[in-house]
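Quick note on numbering: the sequence shown equals residues 168 to 618 in this note's numbering. Backbone N, C-alpha and C define an ideal beta-carbon position, used for all residues, glycine too. Everything on this sheet refers to the single structure shown next.
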Amino acid sequence: MAVGQDVVLGLLRSCFEVGVSSAQPSVGMASIWAEQIKPWLEAKAPERQQVWVVGAGKAAASMVQALEACAGDSERLKGVVVTRRGHGGPTRHVEVLEAAHPVPDEDGQRAARRMFALLSTVETNDPVIALISGGGSSLLSVPVKEIPFVDLQQLNRSLLACGAPIDEINTVRKHVTQTLGGQMAQACRSPVFQLVISDVPGDDPAVIASGPFCPDETTFEDAMQVIRRWGVQAPHSVLRYLEKGLRGQAPETPKAKSLVFRKVQTHTMASNGLMLDAVASHLSAMGFHVMSLGDGVEGEAADVAKVHAAMVRQVMAKAAGWPEVPVAILSGGECSVTLTEAQMKQSRGGRNSEFLLSVAHELRALDERVPFAALAADTDGIDGVGGHAGALILPGDLAQAAARGLSARWHLEQHTSYDYFKAMDRLLVTGPTMTNVNDLRVLIVGLPKLQ
């Protein structure tokens, strides 16, 4: 066994656990309830009979659990949220439904229609708390009447495979649905407190879950430009509807000037940036010199990996201006993997394991006398296809892979990162974490004096 493998494995796992723990709704809900939600309820709905709760996203169930624990018996909570299948949990008053992600299914459409109908009938003196987290776009997808649901599903598949950044993907989603891009807020007459867990760079609530309670400044023209720019294979019904919107024959999503948003207050309780800060503090306390690239890292996973690998080589070479080992390089955000239709059917892995596979390829000739290790994982516990959260590289793995005849380059070309890391026994399997603040990437060069 290479030097420190067991210790480094524990170290990398602890980074993931610290990051996920920092983003759990239970961590910050008590203070948010006492300092923000409760005063807001008293100010906006002093004569309330009950508090309605709606929401969507991978963290929806855990957000409800934390909210119910803080509210106790002081408020009458009632409502419904929808989360990704397998991410549910027991609740006392608010119903939790489950549906498919990332491609919407009929269960999600039914849940979204139910929420939309509820919001349309809530009395004005009863407030609404909206719990929104990443993944909500697909879970709240109800197409406009001109687009069959099967076409909306196909559009989502094509958008996810085209390599576009999430904000551009969501621009299209907002303009072909009845529920996203502020349209949930538009349907509601009551005051809304929107509590958000961010999984997008910059934490713009209009991008998170496609902003069902937020103004949308994008347009039909923007949506069509995304289709053209990324060569999205959109169904004819989608193209016809977007063209209808371009002619002014379909309603635009509500904009910031709309009066409906005066009743919406938004607070972000967890984010990728806050998670990175927690992991950076954890590694600094261990003795690492931490270089954090922040939460805005986007691009093709394999290309982003090349930049990270170049940084590792600079540290190894003791280049001027670079910190001395031990060094930890952190980044967050969301990379993409562009696939053809054929590749979508055969690919196995996800953006994080593909990132790490590209790192392995770029550093295949690395002199490992100085220990090198890495982790890349999605904080929701699911990275693409395969049931894993991500993958790891431990000291000595690069040489071991070569000795086994495993070609990182070949697996990159096939987009089968899952198979590579499974053969190396380096998949990170956690199951659903009940939160989602996007990706965590940790590359370490050298080791401090770990006990």
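#1: Buried or exposed for H403, please, with buried defined as at least 16 other CB atoms from any protein chain shown within 10 angstroms of its CB.
#2: How would you label K616, buried or exposed, when you count the other beta carbons within 10 angstroms and need 16 or more for buried?
#3: Does DSSP classify M168 as helix, strand or coil?
#4: Using alpha carbons as the reference points, say which of D592, H555, H582 lies closest to R571.
#5: Where do the ends of the beta strand (DSSP E) carrying S300 lie?
#6: Count the CB pairs spanning the stretch 285-304 and the stretch 213-233 that are closer than 8 Å, and state whether there are at least three.
#7: Nearest CA to the CA of Q385: which residue from R340, L322, A201?
#8: Rounding to the nearest angstrom, what Cα-Cα distance links R531 and R324 in this structure?
#9: Using DSSP with H/G/I as helix, E/B as strand and the rest coil, what is M453?
#10: Note down the Cα distance separating L179 from A423, rounded to an integer number of angstroms.
#11: For T433, which three-state DSSP category applies?
#12: Going by beta carbon distance, what residues of the same chain come within less than 8 Å of T258, once the five residues before and after it are set aside?
#13: Going by beta carbon distance, what residues of the same chain come within less than 6 Å of I611, once the five residues before and after it are set aside?
#14: With distance defined between alpha-carbon atoms, name the residue in G463, W207, V405, G195 nearest to Q432.
#15: One question on the structure: do A266 and D272 come within less than 8 Å of each other, judged by their Cβ atoms?
#16: Which word fits T597, buried or exposed, when buried means at least 16 other C-beta atoms lie within 10 angstroms of its C-beta?
#17: Within the 8 Å Cβ cut-off, does S325 reach chain B?
#18: Apart from the five residues just before and just after D293, which ones in its own chain have a Cβ nearer than 8 Å to its Cβ?
#19: Cα separation between M601 and G239?
#20: Among G171, Q191, M196, which has the Cα closest to the Cα of P599?
#21: When you compare each of M478, C237, L307, A486 to N337 by their alpha carbons, which one comes out closest?
#22: Whole alpha helix (DSSP H) runs in the stretch 348-430 with 4 or more residues, listed along the chain?
#23: If you run the structure through DSSP and keep just helix, strand and coil, what is T458?
#24: So, helix, strand or coil for I314, using DSSP?
#25: Helix, strand or coil for G195 per DSSP?
#26: Is W397 buried or exposed, if buried means 16 or more other CB atoms sit within 10 Å of its CB?
#27: If we ignore side chains and look at the alpha-carbon of each, how far apart do G171 and L542 end up?
#28: Helix, strand or coil: which one does DSSP assign to V609?
#29: Rounded to a whole number of angstroms, what is the C-alpha to C-alpha distance between R252 and G553?
#30: For the candidate residues E521, M483, G415, F455, whose alpha-carbon lies nearest to that of G557?
#31: Could you tell me which whole beta strand (DSSP E) segments of length 3 or greater appear in the stretch 217-252?
#32: From Q353 to F283, what distance separates their C-alpha atoms?
#33: CB F145 to CB I296, shorter than 8 Å?
#34: I'd like to know whether the C-beta atoms of D318 and V405 end up nearer to each other than 8 Å.
#35: Taking A468 as part of the alpha helix (DSSP H), name the residues at either end of that continuous run.
#36: At what residues does the beta strand (DSSP E) containing A532 begin and finish?
Based on what the coordinates show:
#1: exposed
#2: So K616 ends up on the exposed side.
#3: Model confidence at M168 stands at a pLDDT of 43, short of 50, so the residue's coordinates are unreliable; what they give is reported in the following sentence. M168 falls in the coil class under three-state DSSP.
#4: D592
#5: 295-300 is the span of the beta strand (DSSP E), which, as asked, contains S300.
#6: yes
#7: Here the sequence assigns Thr to residue 385, which means Gln is not the residue at that position. The candidate whose alpha carbon is nearest that of T385 is R340.
#8: 33 Å
#9: helix
#10: Roughly 43 Å between the two C-alpha positions.
#11: strand
#12: A228, V231, Q232, E235
#13: A495, A540
#14: W207
#15: yes
#16: Result: buried.
#17: This model lacks chain B altogether; it includes just one protein chain.
#18: A212, R215, Q216, Q217, V218, W219, S357
#19: Rounded to whole angstroms, M601 to G239 spans 21 Å at the Cα level.
#20: Q191
#21: L307
#22: Here the runs fully enclosed are 350-354, 387-396, 403-413.
#23: Note that residue 458 corresponds to Met in the displayed sequence, not to Thr. In this structure, M458 counts as strand in the three-state DSSP scheme.
#24: coil
#25: helix
#26: Buried: at least 16 other Cβ atoms inside 10 Å.
#27: Those two C-alpha atoms are separated by around 15 Å.
#28: strand
#29: 15 Å
#30: For the residues E521, M483, G415, F455, the minimum Cα distance to G557 belongs to E521.
#31: Fully enclosed beta strand (DSSP E) runs of 3 or longer: 218-223, 244-251.
#32: 10 Å
#33: The structure shown does not extend to residue 145, since the chain is modelled only from 168 through 618, so no value can be given for it.
#34: Taking C-beta atoms as the reference points, D318 and V405 count as a pair closer than 8 Å.
#35: Its alpha helix (DSSP H) spans residues 468-483.
#36: Taken as a continuous stretch (DSSP letters only), A532 belongs to no beta strand (DSSP E), as it is neither H nor E.
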